[in-house]
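Numbering (this note's numbering), first residue to last: 6 to 356.
Here a beta-carbon is modelled for each residue, glycine too, at the ideal position from N, C-alpha and C.
To keep things clear, I will list the structure first and then write my remarks on it.
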Ligand SMILES: [Zn+2]
């Protein structure tokens, strides 16, 4: 019965390959190769192409015991500082001797953004480094970096957490995203990860691309490849506050406990606020923005949340909440242009 034998060999290969992924003698990401029980540092070298190359730093903690591979990535937006500092701290905190499995940490994807203090995009090519996945080698720097992160980080991990926060111009209240794919098993694990992370406001995203070849976002690149993953956000407007950094560090550690990569129990959110929809409020005018509410405020539909004046003080636009909900973030600076986002309102899901 050759077909049965083939099936058995096939099954054995599948089992062997998944076991091998979790129980390798060494684990390499870019130039970092860690032996079991060791930490290694290195870079993901993005070669020059139509524009300059870049070297993305990476740390690999290959635990002394087998377990899943968890990737932690921040700094796609290089001025979302709290998330970058959180992963810098984790690099100093983790001990491979105590880890079951492997932790890959990429703390700063977008080095040109960080160094030049340019929010939202990679100043080398003007692209967001969280919109071009899975990337390609014959594109600009962001495309090439995205491709290599897909190959080196996403394809080698079992779970991924993408860390963000409010950018230089965003006053953001901490929240996370849970992607609902429709795959029950995967969604159950990612839901437990997002609850273990500990941020109590959770956006349910059900509209992310399903095609792994057009995944756009980093987390979605892992999610569309069958790896339960989440995105988290804390920090705002260029600040590095202990509360935000602590929430991100503790969240990663708690997810490691949930995945049984570290001893102890996760601290799970007891009363999550599920956000079913995010409604953006855009400015209809260019001018000077004045906020009237703070991040995290609950607003009624139609409530005035800010206004825009011309450059001589005359009010030219009243910004009113497009829905009832929580101000997930509000513009943190006076610079305002027509069509730019004033605030994002999160609509709380009904039970
Ligand atoms: Zn971001």
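Assumed close pair residue 337, residue 206 - CB separation to whole angstroms, cut-off 8 angstroms: Rounded, the Cβ-Cβ distance is 18 angstroms, inconsistent with contact.
Distance between residue 222 and residue 135 (C-alpha atoms, nearest Å): The alpha-carbon atoms of residue 135 and residue 222 are separated by roughly 5 angstroms.
Contact the region 142 to 161 vs the region 35 to 52: 3+ CB pairs below 8 angstroms: Cβ pair count under 8 angstroms is three or more, so yes.
Ordered list of beta strand (DSSP E) runs contained in the region 55 to 100, each at least 3 residues: Here the runs fully enclosed are 59 to 67, 70 to 79.
DSSP-derived helix/strand/coil call for residue 221: DSSP places residue 221 in strand when its eight states are reduced to three.
From 193, 208, 202, 201, residue whose alpha carbon lies closest to that of residue 363: Nothing can be reported for residue 363: it is not among the residues displayed for the chain, which extend from 6 to 356.
Straight-line gap, residue 306 to residue 184 (C-alpha atoms, nearest Å): The straight-line gap from Cα to Cα measures roughly 26 angstroms.
Residue 210 classed as buried or exposed, judged by whether at least 16 other C-beta atoms fall within 10 angstroms: It counts as buried.
For residue 51, the first and last residue of its enclosing alpha helix (DSSP H): Premise fails: residue 51 lies in the beta strand (DSSP E), 43 to 51, not in any alpha helix (DSSP H).
Residue of 204, 300, 63, 40 minimising C-alpha distance to residue 177: In this structure, 300 is the residue among 204, 300, 63, 40 with its C-alpha nearest to the C-alpha of residue 177.
Residue range of the unbroken alpha helix (DSSP H) whose run includes residue 259: It spans 247 to 263 - the alpha helix (DSSP H) in which residue 259 sits, taken as one unbroken run.
For residue 214: DSSP bridge partner residues: Note: residue 214 is not bridge-paired with any residue in the DSSP secondary-structure output.
Buried versus exposed call for residue 75 [16 or more other C-beta atoms within 10 Å across all chains shown]: Looking at its Cβ environment, which holds 16 or more other Cβ atoms inside 10 Å, residue 75 is buried.
Contact set for residue 91: own chain, Cβ-Cβ below 6 angstroms, skip 5 residues either direction: Cβ neighbours of residue 91 beyond the five flanking positions: 250, 253, 254.
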